[in-house]
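Taking the working numbering, the leading residue of the sequence shown gets 15, the next gets one more, and so forth. Just below is one structure, and these are the notes that go with it.
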Amino acid sequence: MLSVNTNQGAMVALQTLNQTNSDLAKTQNAISTGLKVASAKDNGAIWAIANKMRSDVGAYDRVRESTDRAASILDTGIAAGESIMELLNEMKGKALAGTQAGNSASAQAALAADFAQLRDQITSVIANASFDGANMIQGTPSNAVSLGDAAGGNTITVNGVSLALGGGVVTVAAGSVLTDNTTSGTALGLVNASITNLGTQLATWGAGAKRLEVHRTFIGKLQDALNNGIGAIADADLAKESAKLQALQTKSQLGIQALSIANSSSQSALSLFR
């Protein structure tokens with residue numbers, strides 16, 4: 015039936031053209047953003063999953079920063095502990111020399127002066143062993159604490175220990191002197207005990223530093239895995255989208271021609287009235 019009120023062919027052509035243009039817009043958006051799921055309108059379920067994974071990746075950035083801070087605090091403590099170990103090694107030599115019988119008064123005094131300077135330097139090292147306000151070796155030591163996961167549910171803690179004079183690790187007292195053979199012998203025993211204790215503590219801190227290093231590496235690998243997962247479900251295949259774009263552009267042009275032909279059919283009715 016020939017009618018000027020109803021043009022079925024034009025309606026079908028228009029619907030097809032509209033669908034083609036909609037698909038073309040999606041393809042162009044995928045190419046411009048690099049994402050096949052750029053918003054919840056594209057695919058609500060996939061978008062929600064990808065968004066949650068992106069949130070986790072961002073949270074793991076904070077975990078890595080926390081690990082870096084804890085590692086820096088611990089490294090500062092280890093560096094200070096190693097410096098104190100060097101001082102103790104020198105003090106051992108002074109104390110051992112002080113135990114020798116027959117030292118002249120001047121020699122004993124010189125040994126005592128050197129020993130006192132090395133002893134007091136330990137206190138100076140402790141006072142300067144701070145990172146971001148945290149000091150793992152002071153009288154009331156801080157701990158090196160790192161976030162363990164993106165949920166904040168656990169932490170990695172390396173405990174600080176006081177290396178102050180007269181403490182449980184450095185047993186050399188603030189008043190230890192080398193005035194004679196007897197006091198030198200006492201000081202030597204304290205220095206030897208301090209060297210043993212500090213060596214054990216540094217080994218413990220070394221293991222803690224290794225754990226933080228392993229944790230940081232793991233966080234980096236975990237972020238890479240999450241990013242790969244996000245890409246697998248949300249990224250557009252640009253080679254595929256490029257080929258699709260060419261096809262849709264051609265289809266759109268053909269749709270316009272088809273609509274033009276369908277619209278011109280109603281002009282045929284005019285010939286009936288000539």
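Virtual Cβ for every residue (Gly too), placed ideally from N, Cα, C.
Alpha carbon of residue i to alpha carbon of residue j, nearest angstrom
i: T214; j: S176; result: 14 Å
i: N142; j: T193; result: 29 Å
i: L102; j: Q237; result: 44 Å
i: L216; j: V205; result: 16 Å
i: L179; j: I170; result: 28 Å
i: L202; j: V183; result: 15 Å
i: L268; j: A62; result: 37 Å
i: T200; j: K108; result: 12 Å
i: E100; j: R78; result: 33 Å
i: D82; j: L161; result: 10 Å
i: L132; j: T210; result: 18 Å
i: V139; j: N168; result: 32 Å
i: A148; j: G91; result: 9 Å
i: G166; j: G48; result: 32 Å
i: N117; j: A85; result: 47 Å
i: Q29; j: I270; result: 11 Å
8 Å Cβ shell around residue i - same chain, five flanking residues per side excluded
i: L88; result: M150, A158, V172, W219, G222, A223 and L226
i: T154; result: S176
i: A64; result: V51, I244, I247 and A248
i: T137; result: A178, L179 and A188
i: M105; result: F129, L132, R133, V186, A201 and V205
i: V191; result: A126, F129, A130, T197 and A201
i: R230; result: R78, T81, D82 and A85
i: G234; result: R78
Identity of the residues DSSP links to residue i by a beta bridge
i: I170; result: S160
i: A148; result: F145
i: L49; result: D249
Contact set for residue i: own chain, Cβ-Cβ below 7 Å, skip 5 residues either direction
i: L240; result: M67, D70 and V71
i: F232; result: none
i: A121; result: none
i: S80; result: S160 and L161
i: A164; result: D70, A73, Y74 and V77
Proximal residues to residue i (C-beta, below 6 Å), its chain only, five neighbours per side dropped
i: S208; result: L102, V184, T185 and V186
i: A124; result: none
At a cut of 8 Å, does the segment 96-116 reach the segment 51-60 through at least three beta carbon pairs? no
Any contact of the segment 90-98 with the segment 56-64, i.e. 3+ C-beta pairs under 8 Å? no
Considering only residues of the segment 54-114, which uninterrupted alpha helix (DSSP H) runs meet the minimum length of 4 residues and lie entirely inside it, listed in chain order? 58-112
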